[in-house]
């Protein structure tokens, strides 16, 4: 899965805390390079640098010290010890306590055939288990605590208050001879992680652990073995503590991963700790002296929160990612993707880090380890995953190419099917000279080995995975040679669960050696000469053969004399006993003088050409000079033997081999050591972007090392007058800047840093309005201009305390007034320009309020009168024009939209308002009005005789006629009356009318004008007593007299039979009358068909025998 690498703007936050004056910093040793950065036990490496101690010096290969060191001020030649681990090499001045660390990590290799991942298990021992007898054995580290040459193992136990120490008491090489003695360090609280390293510069590794609970403490245990203990009996002083600061709310922070590293190169390694509660890390300055550990109780705090997840920081690694000599801090989110790289620009006594560079990953991260996997000189990143539901690990390639530049990284790639990864480590497992990777697995009973099959390419396809089975799980793991046979083994926390007593588990490396013989001398022997044939250092026995026959010699070095000439091989007494390639030693039986040589100087500066003064036998026909890093120059003329343009790789031992012209025998000279004066690495540092604007300045810095002088340069030339202050060069011009560091007649110049000059951007903008209502959004569009190729950043200030960033933004001012809106346009990452803002005045008007909201008018003669006729609607309007209207009637808390135009017809009685929006975008409600019917409106039907109107809950107004009453006189108070139905009313438009009902129930309707000049209506139901059957009906669908009815029948069930004029039965009808007005009996249909017009007859009989009836019916459609 490809992931985008995200880089925050450089130098947004620089944390620089001056701890001590640079002038007060004593000269401390400095390592420029280790060469080579991998070697086998017993081989030598060159440690090249400056200000090395020539006595009281200890060189550590990770956690174990070199047994042999040849020391000069600029070159240490150290022999790789047993137990060397994949860590930085450190040089300790045990007199002053100063420590120098290599920026490269060293790893131990050995001579073996390259194995595939599927072969790893076949070359590992069975598991060896050493019980801790403590619950949840968690973390471990490896250091030679008693300096006996054997790595000891220290383990934390989350389930108890004890730290377990397994002292390595082995007395002979090989896994069969390995032995350990357990002891404990007791605490008042449990600890999670444990690390070891020399904090006080006394040459002994101290311990640091983090408290699991309690008060957020870090525990420091000073190693006092040199004074109080003995070999195989390490001793520690009473623990010291420093506290991680509490959170701002007073809560105790939980310490996370811890590390030891010299961040400012002052010779004293800092203690660095993470917090698991928030995204903070803490740097405790170290001012220790031998046998006294002193840490500043107030830490420097860095924060990283680009993608912080729900908890704090998880992984921690400190390593130089851009090869400038200063190690970067690398940490990661604990519950979310991504890691952070704090680029280090510190000076001795002064911490300075860029704001963290965020590098994305595919999953959350638990453990971080870096190493140069592809051998390009820049360290790559390996990650284990903290999400237990995702079974993968990741690798991120370092794509940097320039010393001192901001590190760059490729997208991470994943290696799948690594179950529940936790701890990890790097080392050469199979002896092929490449870094392999091992992952512990907390969820399965195994660990995983990833063999590096193609070191030239960092890709998933370059790694093969081997699953190494165990008796229980592994949580954390280290690669280290524990049995002193020269092959790195695996040591891990085993059975690491809260419910079980844990253990230290070991799988010993039994990969077969594939040896090669190193020749010390010439194999073409002259008279009286010998040659040493040297096998790889293993601690095991050797099997030497001459001409294919085993000889008595069993030691590592075989000295061959002139009389022993022949073909020689060697095998290591392991499970394979592979023979080395043969070396042929010849005896040429000739006298020949041993050559010697000198350089014109043994301490040249970088870049010098050296001449070689050779003294040799007159019969010499060939000269060959060999040296470090495969240096070789050969010729028949002595003048051809030179060393041109020496560099950091030229330091080391040189040997001259001459050849006799008469016999062909060869003799080697004594070695001559060349110590190239190498000065500390300097880079041009810039706390801003590499841009400078007209009229502005920029300050460049470089690392400050005591005892050196400096010279700044522009485009390769020194300034006039010279600029020599490393703490700062203030510049105003563009160009290529470099700095030269000088000492003892030598000078080295940094890589150039290109600074580009720009014209400050011109800010301008266009608002969507300059006058608008309060609360209304105004859009602002930046129209600024600037130099091509630079990103413009537009920052807005709206004059009311609000700000925004963007090319197009919007803002609403909450209150009326006049505001000055300003725009400042800057270049992204360029902070040294003078950026001039541009402004515009914006007027904000108040939303109408109070009496200004009395805006609703009616169409009544009095426009503020909101009464209406009951039967009519009232037209409401607002006089002034607006851009939008939303008329609403209000009932309780409910509103109903009735119109979205400038007017509204209100038909019922209601509270009414309108939401208005004016041309200044003020939105407001007009004051409510109450629309109501006229109080004294309406018309009435009035009987003029003895009859009276009564109110029936179902039928409404009714008049009950008397027996044998066939007409009724009605009157009204309306003007312009209209009575219906007209056919039963003598004068439908008169005030007083005579009504002759045609059926037992007859509804009379009236419409007319009331006293308020409103059109009104009234009605009354006339009820004639006795059974009344309609004489006729017209079923034509016009809604008038469509049904034949029988009235005044109630409380009984009736059966009705319809006959035609010839007496034939047409239809039987069951009729159950009720008190409703609808007494419909027959609709003129029979058998689903309309019957023809004409006369019909009916007969009705009812269950009460009181409503018998019959008669004729006339139907006309």
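Numbering (this note's numbering), first residue to last: 247 to 1363.
Note that beta-carbon positions come from the ideal geometry of N, C-alpha and C, so glycine has one too.
These numbers come from a predicted model, not from an experiment.
Judged by DSSP secondary structure, residue 380 falls within the beta strand (DSSP E) whose first and last residues are 374 to 381.
Put simply, the segment 1200 to 1218 does not touch the segment 1043 to 1062. Fewer than three CB pairs are less than 8 Å apart. Apart from the 5 residues on each side of it in sequence, residue 887 sits with its Cβ closer than 7 Å to the Cβ of 858, 860, 869, 871, 879, 881 in its chain, given in chain order.
In the DSSP assignment, residue 957 falls within the beta strand (DSSP E) that extends over 955 to 960. Minimum Cα-Cα distance from residue 914 among the listed residues 895, 772, 929, 1080 corresponds to 772. Listed in chain order, the non-local C-beta contacts of residue 899 below 6 Å within the same chain comprise 917, 919, local neighbours out to five positions each way being set aside. Residue 982 is bridged by DSSP to 1000.
Annotation for residue 815: the continuous beta strand (DSSP E) segment containing it runs 812 to 818. The shortest C-alpha to C-alpha distance from residue 1212 to any of 1218, 1229, 1240, 1221 is the one to 1240. As DSSP reads the structure, residue 1358 sits in a beta bridge with 1343. Contact between residue 1214 and residue 1193 holds, since their C-beta atoms are separated by about 6 Å, short of 8 Å.
Annotation for residue 945: 974, 976 place their beta carbon closer than 6 Å to its own, counting only its chain and skipping 5 residues before and after. In terms of Cβ geometry, residue 454 and residue 400 do not form a close pair [threshold 8 Å]. Residue 730 sits in coil when the DSSP states are folded into three classes, being neither helix nor strand.
Residue 809 and residue 831 have their C-alpha atoms spaced approximately 10 Å apart. Apart from the 5 residues on each side of it in sequence, residue 776 sits with its Cβ closer than 6 Å to the Cβ of 805, 807 in its chain, given in chain order. Counted as a single uninterrupted DSSP element, the alpha helix (DSSP H) harbouring residue 471 occupies residues 471 to 474. Within its own chain, the residues whose Cβ lies closer than 7 Å to the Cβ of residue 470, once the five positions on either side in sequence are excluded, are 481, 482, 483, listed in chain order. Around the Cβ of residue 500, a 10 Å sphere holds 16 or more other Cβ atoms; the residue is buried.
CA-to-CA, the gap between residue 923 and residue 320 works out to about 6 Å. In the structure shown, residue 808 adopts helical secondary structure according to DSSP, grouped into three states.
In this structure residue 702 is exposed. Its beta-carbon is surrounded by fewer than 16 other beta-carbon atoms within 10 angstroms. Listed in chain order, the non-local C-beta contacts of residue 793 below 6 Å within the same chain comprise 812, 813, local neighbours out to five positions each way being set aside. Between residue 274 and residue 303, the CB-CB gap reaches or exceeds 8 Å. Contact annotation: the segment 720 to 737 touches the segment 388 to 404, with at least three C-beta pairs closer than 8 Å. Within a 10 Å sphere around the beta-carbon of residue 518 sit 16 or more other beta-carbons, which makes this residue buried.
Here the alpha carbons of residue 1255 and residue 1164 stand approximately 42 Å from one another. Distances from the alpha-carbon of residue 528 to those of 951, 1039, 544, 432 put 544 closest. Exclusion of the five residues before and after residue 313 leaves 325, 327, 395 as the residues of its chain whose Cβ lies within less than 8 Å of its Cβ.
If you check the CB distance, residue 447 and residue 345 come in under 8 Å. With a 10 Å radius around the Cβ and a threshold of 16 neighbouring Cβ atoms, residue 507 comes out buried. Spatial neighbours of residue 1079 in its own chain (CB-CB distance under 7 Å, excluding positions within 5 residues in sequence) are listed in chain order as 939, 942, 1006, 1072, 1073. For residue 678, the number of other beta carbons within 10 angstroms of its own is at least 16, and it is reported as buried.
Under the three-state reduction of DSSP, residue 1099 is assigned to helix.
Of the residues 999, 991, 992, the one whose Cα lies closest to the Cα of residue 984 is 999. For the options 689, 663, 491, the alpha carbon positioned closest to that of residue 706 is the one of 663.
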